[in-house]
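Asks: Protein chains in written order, with our numbering: chain A, 2 to 325; chain B, 2 to 325. My questions all concern the structure below.
Protein chains: 2
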Amino acid sequence: MGLLAANLISSACCFVPLPPPSPLRFQAKRSSQRVLKAALTSSEKMDSGGQAAPVSKLMEFPHLTAAHTDLMLYLIQTVENGLGDHLLPSTVPTDVEYYENKNGTSQGTLLIRHGIPSSPIDFMIASWLHLKQPQGGAFNITNIAGYMKPSNDIPHFQFELVQCSPTFLIFFLDLLPRTDIILHPDYLTTYYEETGLEKLRQRLAALPEVSPYFSSSLYFRKVVSSTGILVGVKCEESESKRVEEIVREEIGPISKEVMRIWMELCLNGGRELEEDERSLMEKRDLMIKRKAIEMDLSKSMPLQFGEEVANRVLQVIRSAFKTA
Amino acid sequence: MGLLAANLISSACCFVPLPPPSPLRFQAKRSSQRVLKAALTSSEKMDSGGQAAPVSKLMEFPHLTAAHTDLMLYLIQTVENGLGDHLLPSTVPTDVEYYENKNGTSQGTLLIRHGIPSSPIDFMIASWLHLKQPQGGAFNITNIAGYMKPSNDIPHFQFELVQCSPTFLIFFLDLLPRTDIILHPDYLTTYYEETGLEKLRQRLAALPEVSPYFSSSLYFRKVVSSTGILVGVKCEESESKRVEEIVREEIGPISKEVMRIWMELCLNGGRELEEDERSLMEKRDLMIKRKAIEMDLSKSMPLQFGEEVANRVLQVIRSAFKTA
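What follows is the structure in structure tokens.
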């Protein structure tokens, strides 16, 4: 569930003439598919030590463009290949893995996999949402995020791509800083300067169709890092192919590279924190997650999916976020 | 001396084809002028209790456009009228009040006035710089900043307007947050949401000539607030009148309103801090100032003005910033 998802979407509505909707996840259906089998290989292994866990659901992206789908599959596969050994199988209940509103026009999926005790990763969360808009059209939101444990200071990973219309995207890609940069400029050096993230931000910013996107939440503007990518991609009405080209040739390679950088940081394990640093980190992490849920998700989910479904989904997210 | 001045300028050089220069101040000349007399009235009073201190220097802006000059005079006058009673006379030595490079092509001015003991203001600093560029043309940088004491949490005021060419400006206007917003969202509510700063940012951002400006320093990107204005204003080569129009009709009114908001906060005195909060605030404030000097000013000043002049000016700034 994207940290900025609901907020991005509410804001997006001010941008394109559509009304406030809500969050997101991977589409999961009840049939099996080759790509998911591959993606679940190591969680099956972890689950039962030889005895395969049931392949529960399928990742499909029925509403996305080919470029967007390919990118999602690549990122999921990459997490699986690179960090699968770090992650336990998803324990999300079936009716939260996939959910929809009463008339089935809006759909959502959710996958959460916790890190094993020795991993620096607390959990990974992924989702897609298809949100039918009353005036026609739909928002398609896809998200992958990796949250770290408070025992290390590795930035959280955030990827979120929102197709608001065939010619307008919002894209958020960042490693979220976990400390007050003003007091800790060396954190900036280690995780942002030495990793070359700025080059990637600049590459995307140079495209004429791309412009900085300002979240409507002043709080989230401060959550984003110095090299965070938070942009709108807007093409002429006749140019939906150009949007797909930008996803395939720019957003895709940049996302893959940021994910690669983050995974490398995870595999190195990060810096071990002292007790007082750890408790501050925990407090800070919690504030960000709490803000995401209380300010955005808890308002937009019920509007989009009704109280009952929203409560069910939010309970699972709150439990993973430890904000319950 | 603008916090981001040197950095802005170094970055600006990547933007317009000009090489790395440095900082800024009010032009002060050795003759008297009506406008300065007015501006110095209350500092004269403070200085000697009845016996007027010598009117030392004059504020002129010989290199600026009329709109830019008018705005500077308005802002200085407004500080004088609204906060003059809070401020002691400037103690900047004459050869730092006004300085120039060997051949006199680059000039700078500096004015620093400390707050009286009962004021929440630590000091105000103002400056202009005229920096001749080797390839022709010049940068004109003007700056007014108000730094607060660590006994209160009122944001620092920052105004900086840089004319890089007749058709390109960089503009920085902000109330700098003095706490980690992630842990203290109520700080955001008090000083940024309730003051309506976002509306002002949006007003300027809506102009087609205006686009977000990314400082080359990843550190300073984190210093800026959520509603901070950091933009480039770029017009067609034939449109230098349009730049002046934007200064007069947009940048002017917005700057005046942000200054009014900040002065009101100062006059209310802000929240009194506990001892531990105060020491954290002091540490944070110091980091920002130190970064400004060590990363930027200490590199760019000697290049622009030579070692001797630069040392003289930097010593005065370091002493006010308490980073010496």
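Virtual Cβ for every residue (Gly too), placed ideally from N, Cα, C.
1. Could you give the distance in angstroms between the alpha-carbon of Leu189(A) and the alpha-carbon of Gly137(A)?
2. In angstroms with no decimal places, state the Cα-to-Cα distance between Asn141(B) and Ala68(B).
3. Give the C-beta separation of Leu231(A) and Tyr214(A) to the nearest angstrom, bearing in mind that I take them to be a contact with Cβ-Cβ under 8 angstroms.
4. Is Gly116(A) helix, strand or coil when you go by DSSP?
5. Which residues in the same chain as Asp286(B) place their Cβ atom closer than 7 angstroms to its Cβ, once the five residues preceding and following it in sequence are excluded?
6. Relative to the C-alpha of Cys236(B), which residue among Asn104(B), Pro94(B) and Cys165(B) is closest?
7. Can you have a look at Ala325(B) and say buried or exposed, based on whether 16 or more other CB atoms are within 10 angstroms of its CB?
8. Taking a contact to mean a Cβ-Cβ separation below 9 angstroms, would you say Ile192(A) touches Pro156(A) in this structure?
9. Would you identify the three-state DSSP class for Asp175(B), choosing helix, strand or coil?
10. Have a look at Phe158(B), Pro135(B), Leu201(B) and Leu162(B) and flag the residue whose alpha-carbon is nearest the alpha-carbon of Thr106(B).
11. Kindly indicate the opening and closing residues of the beta strand (DSSP E) around Glu147(A).
12. Could you compute how far the alpha carbon of Ser227(A) sits from the alpha carbon of Phe306(A)?
13. Met288(B) touches chain A at which residues, Cβ-Cβ below 7 angstroms?
14. Quick check: what's the CA-CA separation for Thr66(A) versus Leu184(A)?
15. Please compile the residues from chain B whose C-beta is within a distance smaller than 9 angstroms of the C-beta of Tyr220(A).
16. Can you have a look at Ala311(A) and say buried or exposed, based on whether 16 or more other CB atoms are within 10 angstroms of its CB?
17. Quick one: Cα of Leu205(B) to Cα of Phe172(A), how far?
18. With burial defined as no fewer than 16 other Cβ atoms inside 10 Å of the residue's Cβ, what is the status of Ala127(B): buried or exposed?
19. Write down the C-beta distance between Val234(A) and Glu210(A) rounded to the nearest angstrom, noting that I regard them as a contact closer than 8 angstroms.
20. Over the uninterrupted alpha helix (DSSP H) stretch that includes Ile122(B), give me the two end residues.
21. Rounded to the nearest angstrom, what separates Thr92(B) and Leu208(A) at their Cα positions?
22. Count the other C-beta atoms from every protein chain shown that fall within 10 angstroms of the C-beta of Asp96(A), then say buried if there are 16 or more, exposed otherwise.
23. Out of Met125(A), Ile113(A) and Thr196(A), point me to the one whose CA is closest to Arg261(A)'s CA.
24. DSSP state of Tyr214(B), grouped into three classes?
25. Buried or exposed, going by whether 16 or more other CB atoms sit within 10 Å of the CB of Gln159(B)?
26. Assuming Leu88(B) and Arg114(B) make a contact with CB atoms under 8 angstroms, what is their CB distance in whole Å?
27. Between Gly83(A), Pro63(A) and Leu76(A), which has its C-alpha nearest Leu267(A)'s C-alpha?
28. Pull up the CB-CB distance for Leu76(A) and Glu98(A), whole angstroms please, since I reckon it's below 8 angstroms.
29. In terms of alpha-carbon separation, which member of Phe322(B), Val317(B) and Glu309(B) lies closest to Lys103(B)?
30. Whole-angstrom Cβ separation of Leu174(B) and Thr143(B), contact assumed at under 8 angstroms?
31. Below 6 angstroms CB to CB, which residues in the same chain sit around Leu19(A) once its five sequence neighbours on both sides are set aside?
32. If we ignore side chains and look at the alpha-carbon of each, how far apart do Arg319(A) and Gln316(B) end up?
33. I want to verify the contact list: residues of chain B whose CB lies under 8 angstroms from the CB of Glu275(A), in sequence order.
34. Residues of chain B with CB under 8 angstroms from Tyr193(A), in chain order?
35. Can you say whether Ile1(A) is buried or exposed, counting buried as having 16 or more other CB atoms within 10 angstroms of its CB?
36. Starting from the N-terminal side, write out each stretch of the alpha helix (DSSP H) that is 4 residues or longer and does not extend beyond the region 208-288 of chain A.
Replies: In short:
1. Leu189(A) and Gly137(A): Cα-Cα distance of roughly 44 angstroms.
2. 13 angstroms
3. Yes, Leu231(A) and Tyr214(A) are in contact; Cβ-Cβ is about 5 angstroms, under 8 angstroms.
4. strand
5. If you ignore the 5 residues before and after Asp286(B), its C-beta comes within less than 7 angstroms of the C-beta of Pro151 and Arg179, all in its own chain and listed in chain order.
6. It is Cys165(B) whose Cα lies nearest to the Cα of Cys236(B).
7. exposed
8. What sits at residue 192(A) in the sequence shown is Tyr, not Ile. Closer than 9 angstroms, so yes.
9. Looking at Asp175(B) - three-state DSSP - the assignment turns out to be strand.
10. Pro135(B)
11. Contrary to the premise, residue 147(A) reads as Gly rather than Glu in this sequence. For Gly147(A), the uninterrupted beta strand (DSSP E) run begins and ends at Ala139 to Met149, by DSSP.
12. 35 angstroms
13. Ile183 and Leu184
14. 43 angstroms
15. Ile182, Ile183, Pro186, Leu189 and Ser227
16. buried
17. 23 angstroms
18. buried
19. 5 angstroms
20. Counting along the chain, Ile122(B) falls outside any alpha helix (DSSP H), though it belongs to the beta strand (DSSP E) covering Ile122 to Lys133.
21. Spanning the two alpha carbons is a distance of roughly 49 angstroms.
22. exposed
23. Residue nearest to Arg261(A) within the set Met125(A), Ile113(A) and Thr196(A) is Thr196(A) (criterion: CA-CA distance).
24. Coil.
25. Here Gln159(B) is buried, its C-beta having at least 16 other C-beta atoms within 10 Å.
26. 4 angstroms
27. At residue 267(A) the sequence reads Cys, which differs from the Leu that was named. That would be Gly83(A), whose Cα lies nearest to the Cα of Cys267(A).
28. That belief does not hold up - the Cβ atoms of Leu76(A) and Glu98(A) are roughly 18 angstroms apart, past 8 angstroms.
29. Glu309(B)
30. With a Cβ gap of about 12 angstroms, Leu174(B) and Thr143(B) do not count as contacting.
31. Low confidence applies to Leu19(A): its pLDDT is 28, below 50, so where it sits in the model is not reliable, and the reading given next is rough at best. Once the five neighbours on either side are set aside, the close Cβ partners of Leu19(A) are Gln134.
32. 53 angstroms
33. What Glu275(A) touches in chain B: nothing, since even the nearest Cβ is about 17 angstroms away.
34. Leu219
35. This structure does not reach residue 1(A), given that chain A is present from 2 up to 325, and the question cannot be answered.
36. 219-224, 241-247 and 253-269
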